[in-house]
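Q: Taken in sequence, the protein lines are chains U and C.
Per the numbering used here, the very first residue in the first sequence carries number 295; after that it's consecutive.
Per the numbering used here, the very first residue in the second sequence carries number -19; after that it's consecutive.
The C-beta atom is built at its ideal place from N, Cα and C for all residues, glycine as well.
As the structure is a prediction and not an experimental result, all values here were calculated from the model.
Quick one: the structure is below, questions incoming.
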Amino acid sequence: MKINRRDTLKGLAAVPILGTYLFSVYEKQQETERNFFDFLKEFEKEHPLIEKKIIPEKSPSGDNKKVIRLGLIGYGIRGSMLAKSAGFVFPDRIEEYKLAAEKDKNDKRYETIMKQEDMNIVFNGICDLYEPYSEKGSIALANKERKTKTEFKGSPVKRFVNYKDLINSPDIDAVIIATPDFWHAPMIIEAAKAGKHVYCEKCLTHTLDEVYEVRKTVKEAGIVFQLGHQNRQSASYIKASQLMENNVLGDVSLIETSTNRNTPGGAWVYDIPPEASEKNVDWKQFLKPGMDLPFSKEHFFRWRCWWDYGTGLSGDMLTHEFDCMNQVMHLGIPEKVTASGGIYYWKDGRNVPDVFNVLMEYPKRSLSLMYSATLGSSRERKRLLMGNDAVMELGGDVVMYVEPGSKRYAKYVDAGKIKPELPFVNWQPGSSQIDAMTSPTQKYFASRGLMYTMQNGKLTDTTFLHIKEWIDCIRYKGVPSCNIDQGFQEAITAHMSEISYKENRVVKWDAEKEKLI
Amino acid sequence: MAIKQSSLRILVILRILIGWHFLHEGVSKILQPGWTCLGYLVDSQGPFSFAFHAIAKNTTMVNVADWMNVVGLTAIGLLLIIGLFERQALIGGVILLAFYFLSHPPLIGMQYAMPSEGNYLFVDKNLIELVMMLLLYTMPTSHVVGLQRLIAPSKFKVR
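See the structure below:
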């Protein structure tokens, strides 16, 4: 075949087009870099994000091989979740996961639980006042090797009838408390006095007076205490906290946060086991000394609906939101709290409100925190931190929008490097750097929470991390992220809200005297 | 086969435009750090959505799909512009477009999270581009304008 000049010309005719394309893309990319990426480089230089370590380095004594011996009080919904997060799952459940994985390769539950780190812990005791839970828990907590029903040959862990016996058992170093709120304080105090370390679910206490007593006892005993706010381990809150240390939002004058639920479970109307009766529920022990209430399955299993046992939305859900904000902004106890609400949707005999709005004032910090909750609608309301330079939307991601009038960011806005209508920072857990979110599609997906949850193919259980932090602190003598001081602030704030609601008044905090006014 | 000079020119332009579009879709994804088709797969609806959702559930499959998209789009785009292995590139392009169309068919009652810039019923731009690629397959032009000409002589007779 002979190639003439005409063939060469026509053969290569499209190559300049390719050249044009590559040049245009390069130009376009340069433009983008001039805008977003240059800005981000500058931003990161101005706001260095230093990873913080809470968990202490391994102690030189090398006692990390020492097995920590635990006891669990309460194997209900949350208690069994905590056990699972610690790596102790009922053998039937493991079998179910394994069979599911054999049927469907994409079912990762078996793989996840089998791969979860062994923290070198054992459970030597369980206490639950409902017999079937106690029995089930005694088997789950013995399943250290994570065996299936057919493989499991171990003997159940010791079942204690009374929590005091469990706490004082010589083969138990530390306890996890997942009981109704009204039992938290007596159990923490009992454990602290016995020198046992404590992981306790929120809310720290049931009443205001108990908060002081619990803090005093825990501090005097010098035990390692962790309150169950696992948000402390969430990558996005840790990142937000680092960003806030650099004052990226300017002056924050308002924080908006909420709880939005619309299911029976979300409103604490849990299933009651049909076989439950006075025969297998230890109702007498369930009640505190001095309480005289007739046996009620509803009250036993759905205790969160009544003030007698729980702390309502204030201790149950507000505490989550408060602790997140306390983690990110180190707010401490508000100077003034006003709460209102009512039982507007779940008129099922409960006496705790299902709609609950709380205003917290921090005059010294020049800001207000507004918490609003409903158990009758689930529309997501973003958690917002509103500053004069920028606004942060905080959830699974950290998303920031610039304020159009911001002086701090004016040079970027004027240069067209950042646009007020688009987020200028979007940090997603799993990425080491903050990253710009440029396309409207991404923005849309982020707002729907659809995207990136599986990007790294891994979802990490924050409760596992929270328990692990506590265990590591016991081993290496550290202070957990949600220690007793953080717990004190959480509980005082919750009780201020509860008292404000119940007494229909503004509740003030005297920080010097550490007393309510 | 005889073809008018003017038609041939338009076919060449069409090939290069589609090539440009594919190339830029591919290159954009390369330039976007952490790009993944996961969100697109999750967003799938219609009679074939089960297949796309199944891919989305499997991390390995998502990685394969990401790779196929990036490499496929870029390579097809390049080949169509320079005019080499045109027919193979067109088949590849038709397969990719068929996936895009089937994962997000513009049927009655379908609403997608992925914002689209137009309004479609049964027919969307993916489908039109797909049919145009089929047309190009039946009337290849690389033998006339493109590197293919330097490898094999033209089969077209131009009127």
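(1) I need the straight-line Cα distance from residue 72(C) to residue 56(C), nearest angstrom please.
(2) Mind checking the segment 301 to 314 of chain U against chain C and listing, in chain order, the residues whose C-beta falls within less than 8 Å of any C-beta there?
(3) Suppose contacts are defined by Cβ-Cβ distances below 8 Å. Is residue 383(U) in contact with residue 434(U) by that definition?
(4) Go through the segment 447 to 504 of chain U residue by residue and report every complete run of the beta strand (DSSP E) that reaches 3 residues or more, in order.
(5) Helix, strand or coil for residue 632(U)? Go by DSSP, reduced to three states.
(6) For residue 297(U), would you say it is in contact with chain C, using Cβ-to-Cβ distances shorter than 8 Å as the test?
(7) Kindly provide the ranges of any alpha helix (DSSP H) runs that are 4 or more residues long and lie completely inside the segment 501 to 528 of chain U, ordered along the chain.
(8) Among all the DSSP beta bridges, which residues are the ones paired with residue 421(U)?
(9) Taking three-plus beta-carbon pairs below 8 Å as touching, is the segment 633 to 648 of chain U in contact with the segment 515 to 527 of chain U?
(10) If residue 491(U) and residue 467(U) are in contact, beta carbons under 8 Å, what's the gap, nearest whole angstrom?
(11) Measuring CB atoms only, is the segment 787 to 799 of chain U touching the segment 624 to 633 of chain U, in the sense that at least three cross pairs come out at less than 8 Å?
(12) What residue range does the alpha helix (DSSP H) around residue 666(U) cover?
(13) Give the interface partners of residue 127(C) over in chain U, defined as CB-CB distance under 9 Å, in chain order.
(14) Could you check whether the Cβ of residue 696(U) sits closer than 8 Å to any Cβ belonging to chain C?
(15) Would you call residue 143(C) buried or exposed, if buried means 16 or more other Cβ atoms sit within 10 Å of its Cβ?
(16) Which bits of chain C does residue 323(U) rub up against, with CB to CB less than 7 Å?
(17) Give the interface partners of residue 146(C) over in chain U, defined as CB-CB distance under 7 Å, in chain order.
(18) Only counting the same chain, and skipping five residues up and downstream in sequence, which positions put a Cβ closer than 6 Å to that of residue 104(C)?
(19) Using CA atoms only, rank isn't needed, just tell me which of 368(U), 577(U), 672(U) is closest to residue 560(U).
(20) In the structure shown, what three-state DSSP assignment does residue 317(U) receive?
(21) Helix, strand or coil: which one does DSSP assign to residue 600(U)?
(22) Starting from residue 37(C), find everything on chain U with Cβ-Cβ shorter than 8 Å and list it in chain order.
(23) Which residues in the same chain have their Cβ closer than 6 Å to the Cβ of residue 764(U), if we skip the five residues on either side of it in sequence?
(24) Going by beta carbon distance, what residues of the same chain come within less than 7 Å of residue 473(U), once the five residues before and after it are set aside?
(25) Within 8 Å (strictly less), CB to CB, does residue 319(U) reach chain C?
(26) Which full runs of the alpha helix (DSSP H) of 4+ residues lie inside the segment 48 to 87 of chain C, going along the chain?
(27) With the cut-off set at 8 Å, would you say residue 612(U) and residue 659(U) are in Cβ contact?
(28) Report yes if the CB atom of residue 627(U) is closer than 8 Å to the CB atom of residue 786(U), and no otherwise.
(29) Are the CB atoms of residue 80(C) and residue 106(C) nearer to each other than 8 Å?
(30) Could you check what DSSP says for residue 708(U) in three-state terms: helix, strand or coil?
(31) Let's see if you can read the secondary structure: which residues bound the alpha helix (DSSP H) around residue 148(C)?
(32) Any Cβ of chain U within less than 8 Å of the Cβ of residue -9(C)?
(33) Below 9 Å on C-beta distance, what does residue 124(C) contact in chain U?
(34) How about residue 702(U) and residue 584(U): are their beta carbons less than 8 Å apart?
(35) Classify residue 538(U) as buried or exposed, calling it buried when 16 or more other Cβ atoms lie within 10 Å of its own Cβ.
A: Let me lay it out:
(1) Rounded to whole angstroms, the gap between the alpha carbons of residue 72(C) and residue 56(C) is 7 Å.
(2) 301, 302, 304, 305, 306, 307, 308, 309, 311, 312
(3) A contact, by the Cβ cut-off of 8 Å.
(4) 468 to 471, 491 to 494
(5) strand
(6) yes
(7) 502 to 515
(8) 367(U)
(9) Judged by Cβ distances under 8 Å, the segment 633 to 648 of chain U makes no contact with the segment 515 to 527 of chain U, as fewer than three pairs qualify.
(10) About 7 Å separates the Cβ atoms of residue 491(U) and residue 467(U), confirming a contact at the 8 Å cut-off.
(11) yes
(12) No alpha helix (DSSP H) contains residue 666(U), which is instead part of the beta strand (DSSP E) from 661 to 668.
(13) Ordered by position in chain U, the residues that pass the 9 Å Cβ test against residue 127(C) are 305, 306, 308, 309.
(14) no
(15) This structure leaves residue 143(C) out entirely; chain C is present only between -19 and 139.
(16) 11
(17) Given that chain C is displayed from residue -19 to residue 139, the structure contains no residue 146(C) and the question cannot be resolved.
(18) 86
(19) 672(U)
(20) helix
(21) coil
(22) 400
(23) Counting only Cβ-Cβ distances below 6 Å, and skipping sequence neighbours, we find 493, 520, 774.
(24) 367, 368, 481
(25) yes
(26) 66 to 83
(27) no
(28) yes
(29) For residue 80(C) and residue 106(C), yes; Cβs fall inside 8 Å.
(30) helix
(31) Residue coverage of chain C in this structure runs from -19 to 139, which leaves residue 148(C) outside it and unanswerable.
(32) Output row for residue -9(C): interface = no.
(33) Residues of chain U whose Cβ lies closer than 9 Å to the Cβ of residue 124(C) are, in chain order, 304.
(34) no
(35) buried
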